[in-house]
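Reviewing the structure listed below.
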Amino acid sequence: MTEKEIVIKNRAGIHARPAALLVKTANEFSSELFIEKDGEKINAKSIMGILTLGATYNSVLKISAEGSDEKKAVEAIAALFENKFEEE
Amino acid sequence: MDKFRILDLLQLDLKENDALDLSCIGGRPGLIREITVPAINRPGLALSGFYDNFAHQRIQILGRGENAYLKKLADEGKTDTLEKFFSYEMPCCVFTNKYQPTDDFLKLSEKAECPILQTGLSSSDFAMRIMRVLGNIFAPKKVEHGVLVEVFGIGILIIGKSGVGKSETALALIERGHRLVADDVVEIRRVSGNILIGSGAKIVSHHMEIRGLGIINITHLFGVGAIRDRKQVQLIVKLEEWDSSKTYDRIGATEKTMDILGVKTPYLLIPVRPGRNIPVIIETAAMNERLKKMGYYSAKEFNKNVMKWLESESARAAFLNEQ
Chain A
1 MTEKEIVIKN RAGIHARPAA LLVKTANEFS SELFIEKDGE KINAKSIMGI LTLGATYNSV
61 LKISAEGSDE KKAVEAIAAL FENKFEEE
Chain B
1 MDKFRILDLL QLDLKENDAL DLSCIGGRPG LIREITVPAI NRPGLALSGF YDNFAHQRIQ
61 ILGRGENAYL KKLADEGKTD TLEKFFSYEM PCCVFTNKYQ PTDDFLKLSE KAECPILQTG
121 LSSSDFAMRI MRVLGNIFAP KKVEHGVLVE VFGIGILIIG KSGVGKSETA LALIERGHRL
181 VADDVVEIRR VSGNILIGSG AKIVSHHMEI RGLGIINITH LFGVGAIRDR KQVQLIVKLE
241 EWDSSKTYDR IGATEKTMDI LGVKTPYLLI PVRPGRNIPV IIETAAMNER LKKMGYYSAK
301 EFNKNVMKWL ESESARAAFL NEQ
């Protein structure tokens, strides 16, 4: 299991477009991917799940993955957050 | 769970039989106080001066009796017992029947920053409703990745890996006249000991994500008849890609269950393969579940008949052999 904590840096938070990008990236990996906020853990391969997190600017999320490509998966997801989902 | 504050209680969207009809009439700064236990207390004994074992951490309900006593205190001009009362940290005081607290009571509550709420309900009604509401809020909770639908009155939680076709199956069921409760994120609470109640997250409620279509609004597309806010989880169906090396249940005489929050729920594993009409299979599973609830277990009854027949056949063979 690989875990990483990240902070949301894009001002608008996670709305539909970033969520779609997240899910697209998550689906490129075979590992089980999860995102956790305030103790609520959802599947990172589900758009609706990600949207329900209500992840706003500066909220802290924990990405976790389990599977054969878990390290790469977590890195790829974290990179999206780092790049502010190619926004701004 | 996050802290549940008085403010959250006031902001709950409760309808009809659940409505608490609360409004804040004093001690507003105290609205940030937290409710820590799902319990209520009638502070009659405390108000009269007996503070041993005073359950101050509970929601205090003041009804007709307490109200009359407060009036008497006001007439006599006594405030010392009220001062003692407010020296305890209480989540809030609720006046039922729209009773108006005395001026002394309000003044002291402002000073103590203890929120004073008012409801139009009677004490017994309010007590019953608030216990139900708090019971739901403090119930053990779990989020499941799946779709919750109601099929022929049975709440079915469809689970399975991402991309196996959960949402598509649910969509086909909705199209056939069944109801969607929640897609993708199903919040399950255990209430009254062993009942699992599933509901969706408010923001995405009754929306679905269908690959190729995007996000669709089920209420607008299929009407209010196609949705429901919450439903008991009575059957779990796991969809799985057909694995030829695996043996699937062919008879169904043994009941399998899956544990959610400690409640054993009937569970079916259904393999998905082109040509298998999953919505029809799920409809059938729902009807079969209803039969079981009515006391008729198809697979077991069938096997009973087979056994009876075998018995009579062997008796016949034995009889013929003797002749």
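Chains as they are written, first to last, in the working numbering: chain A, 1 to 88; chain B, 1 to 323.
Even for Gly, the Cβ is constructed at its ideal location relative to N, Cα and C.
All values derive from a computational prediction rather than experimental measurement.
Can you find the residues in the same chain that come closer than 8 angstroms, C-beta to C-beta, to Ile42(A), ignoring five residues on each side of it along the sequence? Phe34, Ile35, Glu36, Gly49, Ile50, Thr52 and Leu53
For Gln60(B), name the three-state secondary structure that DSSP assigns. strand
Could you tell me which uninterrupted beta strand (DSSP E) segments, each at least 3 residues in length, are contained entirely in the region 96-168 of chain B, listed from first to last along the chain? For the region 96-168 of chain B, whole beta strand (DSSP E) runs of length 3 or above, ordered along the chain, are 116-119, 141-151 and 154-160.
Looking only at C-alpha atoms, which of Asn194(B), Gly212(B) and Gln11(B) sits nearest to Pro140(B)? Asn194(B)
Check whether chain D comes within 8 angstroms of Ile203(B), counting only Cβ atoms and requiring the distance to be less than that. Chain labels in this structure do not include chain D; the protein chains are A and B.
Given Lys24(A) as reference, the closest of Arg190(B), Lys308(B), Gly163(B) and Ala201(B) once Cα atoms are compared: Gly163(B)
Helix, strand or coil for Arg5(B)? Go by DSSP, reduced to three states. strand
C-beta neighbour in chain B for Met48(A), strict 8 angstroms: yes
I want to know whether the region 28-38 of chain B touches the region 110-123 of chain B - three or more CB-CB distances under 8 angstroms. Because the criterion of three Cβ pairs below 8 angstroms is met, the region 28-38 of chain B and the region 110-123 of chain B touch.
Which residues bound the alpha helix (DSSP H) around Met307(B)? Judged by DSSP secondary structure, Met307(B) falls within the alpha helix (DSSP H) whose first and last residues are Ser298 to Glu322.
Using beta-carbon positions only, say whether Ile174(B) and Arg290(B) come within less than 8 angstroms of one another. no
In whole angstroms, give me the CA-to-CA distance for Thr79(B) and Leu106(B). 12 angstroms
With DSSP collapsed to three states, give me the class of Val204(B). coil
For a quick check, are the C-beta atoms of Asp2(B) and Asp69(A) less than 8 angstroms apart? no
Taking C-alpha atoms, which residue in Gly252(B), Leu73(B) and Val263(B) lies nearest to Cys300(B)? At residue 300(B) the sequence reads Lys, which differs from the Cys that was named. Answer by Cα proximity: Gly252(B).
For Asn53(B), three-class secondary structure by DSSP: coil
Should the region 129-149 of chain B be called in touch with the region 72-90 of chain B, which here means at least 3 C-beta pairs below 8 angstroms? no
Among Gly200(B), Pro274(B), Ile158(B) and Ile210(B), nearest to Ala285(B) - alpha-carbon criterion: Checking every option, the nearest Cα to that of Ala285(B) belongs to Ile158(B).
If you measure from the beta carbon of Glu113(B) to each beta carbon in chain A, is any gap under 8 angstroms? no
Are Met258(B) and Ile236(B) close, meaning C-beta to C-beta below 8 angstroms? Contact: yes.
Any residues in the region 207-224 of chain B with a beta carbon nearer than 9 angstroms to a beta carbon of chain A? Which ones, in chain order? His207, Met208, Glu209, Gly214 and Ile215
Quick one: what does DSSP say Glu89(B) is sitting in, helix, strand or coil? coil
Going by DSSP, what residue range makes up the beta strand (DSSP E) through Leu268(B)? Val263 to Val272
Classify Ile197(B) as buried or exposed, calling it buried when 16 or more other Cβ atoms lie within 10 Å of its own Cβ. buried
Do we get a CB-CB distance below 8 angstroms when we pair Ser162(B) with the residues of chain A? yes
Using Cβ-Cβ distances below 9 angstroms, what residues of the region 122-145 of chain B are close to chain A? Val143 and His145
Closest by C-alpha distance to Gly120(B), when choosing among Leu62(B), Glu168(B) and Glu76(B): The shortest C-alpha to C-alpha distance from Gly120(B) to any of Leu62(B), Glu168(B) and Glu76(B) is the one to Leu62(B).
Tell me the DSSP bridge mates of Val237(B)? Ile158(B) and Leu268(B)
Identify the continuous beta strand (DSSP E) that holds Arg230(B) and give its terminal residues. In the DSSP assignment, Arg230(B) falls within the unbroken beta strand (DSSP E) covering Arg230 to Gln232.
Just how far apart, CA to CA, sit His145(B) and Leu80(A)? 23 angstroms
By DSSP, does Leu21(A) sit in helix, in strand, or in coil? helix
Are the CB atoms of Thr81(B) and Gln57(B) within a distance shorter than 8 angstroms? Not closer than 8 angstroms, so no.
Which of the three DSSP states, helix, strand or coil, is assigned to Asp21(B)? coil
Let me confirm a value: Ser109(B) is counted as buried when at least 16 other C-beta atoms fall within 10 Å, else exposed. Which label applies? buried
What span of residues does the beta strand (DSSP E) with Met258(B) cover, start to end? Thr257 to Ile260
In whole angstroms, what is the alpha-carbon distance linking Asp249(B) and Ile156(B)? 19 angstroms
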